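Asks: This is the structure, below, for whatever I ask next.
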Amino acid sequence: MIRLAIILVGAAILACLPFFTGAVFMQFAINALILAVLTQSWNIIGGFTGYVSFGNSTFYGLGIYGTAVAMVKFSLPFAVGLGCGAVLAVLAALLIGIPILRLRGPYFAIATLGLAAATGALVSTIDLAGANTGLVLPLVRADTMFYELALGLLLVCTLTVLWIATSRFGAGLVAIREDEDAAATMGVNTTAYKVIALMMSAFFTAIAGGIYAYWISFIDPSSAFDPTLNVRMVIMAVFGGPGTVLGPLAGSFILSAVYEVLSSWISTAAALLFGIVIVLAVIFTPRGIADVLVGVRRHGWRYLTRNIRENRL
Amino acid sequence: MKTSALLATVAFALAASGGTATAADNVVKLGASVQLTGTNANTGRYYQDAYRLTVDKINDAGGIKIGDKTYKLQLDILDNQSDVNLSVRQYVQLLKSDNVDFLLGPFASNFALNDSSVAEKYQVPMVQGGGASGQIYSRGYKYIFGTLPPADDYFASTIDMLGKVDPTPKTVALVAADDSFDVSVAEGTRKHIKDAGMKLVLDKQFRDGGGEFSSILSQIKSSDVDAVLWTGHETDALNFIRQAKSLNVNPKDFYSFTVGVPTADFRQALGKDANYAFGMTSWLPNESLKDKWFGDAKSFADAYQKKYGYAPDYHAASGAADVETFAYALEKAGSTKPDAVRDAIAKSDFDSLYAHVKYGENGQIDLPQIVVQIQDGKLVPVYTDHMLNKPQYPIPAWGKR
Chain F
1 MIRLAIILVG AAILACLPFF TGAVFMQFAI NALILAVLTQ SWNIIGGFTG YVSFGNSTFY
61 GLGIYGTAVA MVKFSLPFAV GLGCGAVLAV LAALLIGIPI LRLRGPYFAI ATLGLAAATG
121 ALVSTIDLAG ANTGLVLPLV RADTMFYELA LGLLLVCTLT VLWIATSRFG AGLVAIREDE
181 DAAATMGVNT TAYKVIALMM SAFFTAIAGG IYAYWISFID PSSAFDPTLN VRMVIMAVFG
241 GPGTVLGPLA GSFILSAVYE VLSSWISTAA ALLFGIVIVL AVIFTPRGIA DVLVGVRRHG
301 WRYLTRNIRE NRL
Chain Y
314 MKTSALLATV AFALAASGGT ATAADNVVKL GASVQLTGTN ANTGRYYQDA YRLTVDKIND
374 AGGIKIGDKT YKLQLDILDN QSDVNLSVRQ YVQLLKSDNV DFLLGPFASN FALNDSSVAE
434 KYQVPMVQGG GASGQIYSRG YKYIFGTLPP ADDYFASTID MLGKVDPTPK TVALVAADDS
494 FDVSVAEGTR KHIKDAGMKL VLDKQFRDGG GEFSSILSQI KSSDVDAVLW TGHETDALNF
554 IRQAKSLNVN PKDFYSFTVG VPTADFRQAL GKDANYAFGM TSWLPNESLK DKWFGDAKSF
614 ADAYQKKYGY APDYHAASGA ADVETFAYAL EKAGSTKPDA VRDAIAKSDF DSLYAHVKYG
674 ENGQIDLPQI VVQIQDGKLV PVYTDHMLNK PQYPIPAWGK R
């Protein structure tokens, strides 16, 4: 209940921001919101189910291309384009998920690693998708609309995650994360659960991609299927607290803001930042800052050293 | 957690809006976001250095006259770290919080494509010398102008020249990388080959940055072509030549590269093997290119070399021409209003250290590429629309040099 209240109040406050801030902040905010959606959707498969996916930027790219191709080549409206992107990504998640979700642990991560690059290479041979040269979308001067859209998407995505966290379905996902064999013995249809989790993740990721495509107005395979974006999703979710509802939001907002500030002050440090953050986060706060708030209150500063000891570092 | 996130965003909002906005009178601010770090930094530096040198030169000469007032130019450069999304944000920042009057471009077509949307969105003219792709100008935008000639025509002068040498090549192999720029080059080149009555017997694409050419080279060998036209990036060009030598692949008469050949790095890396290679550039530091501020292209190149310690290439010259475009347009418009300056830029017609600057209907300049060849370790201009120097043609086989 408290979490629901925080989400709704937070969303209401954020929804008013465009009326008080300028164009520069909007640019940053739209980007941060899209990244937050990506992180939150990654959380469904990576956080709750425990399957570390490096393939989510595939769904992002498919969302981008589904929307762009529908709008540019078939002159369909934006909303229909978003739908096309989402359908494409969810189908891809189904097709990809059934074979590779049979792999566990590092094997799953490795199998997803090449997905984005492979899909990008595939798209760059399709003439309908503009091949290597990319597609140009119509330019609209409506940053506030993109901001509210991204915020709305983040709200729906977070509410879905909240539902997952409190539902029987979510309990099934967590059971898979903790011990997949035991979960199967207890009657959880693990294959179906995992595939559905991946499809939900793909759905939100793809819509975020569609919004991005229309907003940025030019896309090509290398920007749509960018593997470093996937790394950011993982870092932000791990930093915030994978498998929690609000952790990924905190992680992505904080890291986006820090990155932005650093990149305008000392540019080279910004690139180093993500590497340093992941190292520190894994050592001191393996369960994310969501867990730190509870842990530090309970154990004080010893919480950090306890983490190191517990993880035998 | 939500509250801490909010605090962070609010803190950022304050930091972002607190930028200094003290534009003194009689200053015109030009802004650009350029790759100073990251993967494109090696070429990005040309733009920063050329912009700076040209702005300083114009200011030293007394600035520019707009109406009856004299203005100085001021330059704001941000580092986009070779990140497209960041560069878009920085262009908005330049316009909206740093209060820049006009925009100069970044390096590379994909950056120019995204960043020019910002210029169009806020209806502020951008003159960019870093992107050659025709897509930048095919969108019907009104506020984007460019000083790199269209990618489609990069091989036009080369093919024109091949029609005038003896023996004229009849069969051609085209080898192109798979990125946006090179795909455009390849598309245009196919048409030029057909129009010239030559036969395209081999048409191969490779992965940009792949560096592995043995299969393509063996196909070139077995198809026994007269000429090879190659387009891609510099490291791949070096690999292509090294592997061609080690596999002893010799096109009968001719091979040429869109990039690499004019640079000093290319000659250094290949040594003697660089000889005979044909290439192209849209600019050479030639005394015949007269300029209002620098005198001519040669003194620009000397000043550039002296100040930064390395020689400028066409990227730098193109960047310098972008700044000069604004200087001329501002004087002609007699005002700093974006629309007036935009119209004055569209009517640009002046000689510069880079070329004669005149923009087409779509905003892109049209220049012939100068065909160059490395002859005994020296870079020699060979052909534009007429022969400049005698080419060493046909290229001898690797064993007969």
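So the protein lines, in turn, are chains F and Y. Using my numbering, the first residue of the first sequence is number 1, and each one after it goes up by one. Using my numbering, the first residue of the second sequence is number 314, and each one after it goes up by one. Glycine residues also receive a C-beta, built at the ideal position from the N, C-alpha and C atoms. This structure is a prediction, so every number in the text was calculated from the model and none was measured.
Spatial neighbours of Y/T356 within its chain, please: C-beta separation below 7 Å, excluding the five flanking residues on both sides.
Replies: F420, H628, listed in sequence order.
Asks: Between F/T191 and F/I283, what straight-line distance do the alpha-carbon atoms span, to the nearest angstrom?
Replies: Cα to Cα, F/T191 sits roughly 32 Å from F/I283.
Asks: Between F/A89, F/A36, F/N31, which has its C-alpha nearest F/V234's C-alpha?
Replies: When each option's Cα is compared against that of F/V234, the closest is F/A36.
Asks: Please name the residue, chosen from Y/D549, Y/N423, Y/D566, that lies closest to Y/G524 on a Cα-to-Cα basis.
Replies: That would be Y/D549, whose Cα lies nearest to the Cα of Y/G524.
Asks: Could you tell me whether any Cβ in chain Y is nearer than 7 Å to the Cβ of F/R141?
Replies: Yes, because at least one Cβ of chain Y sits closer than 7 Å to the Cβ of F/R141.
Asks: For Y/I390, which three-state DSSP category applies?
Replies: In the structure shown, Y/I390 sits in a strand (DSSP, three-state: E or B).
Asks: From the DSSP output, in three-state form, read off Y/R714 for me.
Replies: Coil at Y/R714, not helix or strand.
Asks: Secondary structure at Y/L348, three-state DSSP: helix, strand or coil?
Replies: For the sequence presented, residue 348 of chain Y should be read as Gln rather than Leu. Y/Q348: coil per DSSP, three-state reduction.
Asks: Assign Y/A337 to buried or exposed, taking buried as 16 or more other Cβ atoms, counted over all protein chains shown, within 10 Å of its Cβ.
Replies: Unreliable positioning characterises Y/A337 in this predicted model, as indicated by a pLDDT of 48, which lies under 50. The coordinate reading is nonetheless provided below. With fewer than 16 other Cβ atoms within 10 Å, it is exposed.
Asks: Taking F/R168 as the reference, which of F/N189, F/L149, F/R287 has the closest Cα?
Replies: It is F/N189 whose Cα lies nearest to the Cα of F/R168.
Asks: Just by C-beta distance, which residues in the segment 208 to 220 of chain F are closer than 8 Å to chain Y?
Replies: Result list: I216, S217, F218, D220.
Asks: Just list the alpha helix (DSSP H) runs in the segment 108 to 186 of chain F, keeping only unbroken ones of 4 residues or longer that don't cross its boundaries, in chain order.
Replies: The qualifying runs are 115 to 123, 143 to 166, 168 to 178, 180 to 185.
Asks: By Cβ distance, which residues of its chain are closer than 8 Å to Y/I658, with the 5 residues on each side in sequence left out?
Replies: Correct list, in chain order: P438, V440, F458, T638, F639, A642, Y672.
Asks: I'd like to know if the segment 168 to 183 of chain F and the segment 110 to 129 of chain F are in contact, where contact means that at least 3 CB-CB pairs between them fall below 8 Å.
Replies: As far as the Cβ criterion goes, the segment 168 to 183 of chain F does not touch the segment 110 to 129 of chain F, which means the pair count is below three.
Asks: In chain Y, what lies closer than 7 Å to F/G243 by C-beta?
Replies: Those do not exist, as F/G243 stays about 14 Å from chain Y at its closest Cβ, beyond 7 Å.
Asks: So, at 6 Å on beta carbons, what are the nonlocal neighbours of F/I315 in its own chain, with the 5 sequence-adjacent residues on each side left out?
Replies: The shown model of chain F, from 1 to 313, leaves out residue 315 of chain F, and the question about it has no answer.
Asks: Please list the partners that F/T133 has in chain Y, where partner means a Cβ-to-Cβ separation under 8 Å.
Replies: Within 8 Å Cβ-Cβ: S446, Q448, S493, V496, S497.
Asks: Excluding sequence positions up to five away, which residues of its chain have a Cβ less than 6 Å from the Cβ of Y/A614?
Replies: So the list reads P598, P625, once near-sequence residues are dropped.
Asks: Within the continuous alpha helix (DSSP H) that includes Y/F585, where are the two ends?
Replies: One detail in the question is off: residue 585 of chain Y reads as Lys in this sequence, not Phe. Here Y/K585 belongs to no alpha helix (DSSP H), and DSSP marks it neither H nor E.
Asks: Is there contact here, the segment 551 to 559 of chain Y with the segment 522 to 542 of chain Y, by at least three beta-carbon pairs under 8 Å?
Replies: Judged by Cβ distances under 8 Å, the segment 551 to 559 of chain Y makes contact with the segment 522 to 542 of chain Y, as three or more pairs qualify.
Asks: Buried or exposed: which applies to F/A263, given that a residue is buried once 16 or more other Cβ atoms fall within 10 Å of its Cβ?
Replies: In the sequence as displayed, the identity of residue 263 of chain F is Ser instead of Ala. When all chains shown are included, F/S263 counts as buried.
Asks: What residues in the segment 409 to 421 of chain Y have a beta carbon less than 8 Å from any beta carbon of chain F?
Replies: Residues K409, S410.
Asks: Taking 7 Å as the cut-off, decide whether the C-beta atoms of F/F218 and F/V136 are in contact.
Replies: Yes. Within cutoff.
Asks: On the three-state DSSP scale, how would you describe Y/M700?
Replies: Of the three classes helix, strand and coil, the one that applies to Y/M700 here is strand, per DSSP.
Asks: Name the chain F residues whose beta carbon is nearer than 9 Å to that of Y/N427?
Replies: Ordered by position in chain F, the residues that pass the 9 Å Cβ test against Y/N427 are I216, S217, F218, S223.
Asks: By the 10 Å Cβ neighbour count, where 16 or more other Cβ atoms means buried, how is Y/S268 classified, buried or exposed?
Replies: With chain Y running from 314 to 714 in the structure shown, residue 268 of chain Y is simply not present.
Asks: Would you say Y/Y667 and Y/W596 are within 7 Å of each other, going by their C-beta atoms?
Replies: Yes, they are a contact pair.
Asks: Quick one: what's got a C-beta closer than 6 Å to Y/N588's C-beta in the same chain, skipping five residues either side?
Replies: Same-chain partners within the cutoff: I687.
Asks: Give the single residue among Y/Y435, Y/G443, Y/P463 whose Cα lies nearest to the Cα of F/L139.
Replies: Ranking Y/Y435, Y/G443, Y/P463 by Cα distance to F/L139 puts Y/Y435 first.
Asks: By a C-beta neighbour count over all protein chains shown, 10 Å radius and 16 as the cutoff for buried, is F/C16 buried or exposed?
Replies: Classification of F/C16: exposed, given that the 10 Å Cβ count is below 16.
Asks: Does Y/P482 pass the burial test, meaning 16 or more other C-beta atoms within 10 Å, or should it be called exposed?
Replies: Label assigned to Y/P482: buried.
Asks: May I ask you to report which of helix, strand or coil DSSP gives Y/W543?
Replies: In the structure shown, Y/W543 sits in a strand (DSSP, three-state: E or B).
Asks: How is the alpha helix (DSSP H) around F/F203 delimited, first residue to last?
Replies: First-last of the alpha helix (DSSP H) with F/F203: 190 to 216.
Asks: Run the CB neighbour count on Y/E674, radius 10 Å, all protein chains shown included, and call it buried at 16 or more, exposed below.
Replies: When all chains shown are included, Y/E674 counts as exposed.
Asks: Between which residues of its own chain and F/L128 is the CB-CB distance below 8 Å, once the five residues before and five after are set aside?
Replies: V69, K73, listed in sequence order.
Asks: Y/A445 and Y/F494 look like a contact to me (Cβ under 8 Å); what is the Cβ gap, rounded to whole Å?
Replies: Confirmed, about 6 Å.
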